[in-house]
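These notes are about the structure you will find just below.
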Amino acid sequence: MAEADLTELTDQALVDLCKKRGAKDDRPFEELVKRHQAAVWRVCYYFMGDALDAEDIVQDVFFKAHRGLPEFEGRASFRTWLNQITINTCKNELRMRSRRPAVVEEELGDVREPIEMAEGLDQRWQGMTGREELALALEMLQPDQFTALQLRDVESRSYAEVAQMLGISQSAAKMRVQRARLALRGALQRLRDGGGMP
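Here you go:
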């Protein structure tokens, strides 16, 4: 198959090609990387707050995705599966950093500084949490909730675009985003109250 043809395939078709061809042909996976690397970088930057850190983690995310592709069963979309890998990788990196005594907080103020949220996120909880707490709270969301937040609040897509990408009506997209914001706010509150993961 010509490389140009790969751009016309769905994510699932590319995943199937990756599994079929294995190490003999990396082009299907390279096409998946091209499609999703910008979105993965935005999520990594959203968590880490540093462009170079985000670049490093993006590489790690796609390495894990490539290694884990044979076990990808397609019960969720490739994008949702990749989102989960991204969240877990960011969360693990933040946890490791918090345990490194040599990397003592540059300045406590910097570490406690609220992460810059996308403008669409609810103002009542915006900036109330640090990066690690936000990563944990996002981990507590359902995959469809996370995807809705990523599309609307991280990627700043219109509700019409969100609806089209999720295959639902625009009013349903608005409702899903609102419910996802409420779920995230609830998860943050549980973390602040010491409730942790459910």
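For the sequence shown, my numbering begins at 2 and goes up steadily by one.
From the three backbone atoms N, C-alpha and C, an ideal C-beta is built for every residue, glycine too.
- The C-beta distance from Ala136 to Leu192 rounds to 10 angstroms, too long to fall under 8 angstroms, and the pair is not in contact.
- The beta carbon of Phe63 sits closer than 6 angstroms to the beta carbons of Val34 from its chain, once the five residues preceding and following it are set aside; these are given in chain order.
- In this structure, Phe30 sits away from Cys45, with a CB-CB distance that is not shorter than 7 angstroms.
- Here the stretch 142-149 makes contact with the stretch 181-188; the two share three or more CB pairs at distances below 8 angstroms.
- Pairwise C-beta distances place the stretch 85-94 in contact with the stretch 52-66, as three or more of them are shorter than 8 angstroms.
- For Ala164, the enclosing alpha helix (DSSP H) stretches over residues Tyr160 to Leu167.
- Boundaries for Glu156: no alpha helix (DSSP H) harbours it, and the DSSP string shows neither H nor E there.
- Taking the CA atoms as reference points, Leu83 sits about 11 angstroms from Gly75.
- Between Tyr160 and Ala174, the C-beta gap is smaller than 7 angstroms, which places the two residues in contact.
- Shown here, Gln38 sits in a helix according to DSSP, grouped into three states.
- At a Cβ-Cβ threshold of 7 angstroms, Ser170 and Ala164 count as neighbours.
- Along the stretch 17-76, the alpha helix (DSSP H) occurs as fully enclosed runs of 4 or more residues at 28-49 and 52-69, listed in sequence order.
- Taking all protein chains in view, the Cβ of Arg68 is surrounded by fewer than 16 other Cβ atoms within 10 Å, so the residue is classified as exposed.
- Its Cα nearest to that of Pro144, the residue Arg177 stands out among Arg177, Glu162 and Glu72.
- For Phe79, same chain residues with a beta-carbon under 6 angstroms away, outside a window of 5 residues either side, are Asp12 and Val16 in chain order.
- Under the DSSP assignment, Ser99 falls in the alpha helix (DSSP H) whose first and last residues are Phe79 to Ser99.
- Between the beta-carbon of Val155 and that of Arg36 there is about 16 angstroms, and that puts the pair past the 8 angstroms contact cut.
- The C-beta separation of Ala66 from Ile86 comes to about 6 angstroms, placing the pair in contact by the 8 angstroms criterion.
- Assigned with DSSP and collapsed to three states, Ser170 falls in coil, not helix or strand.
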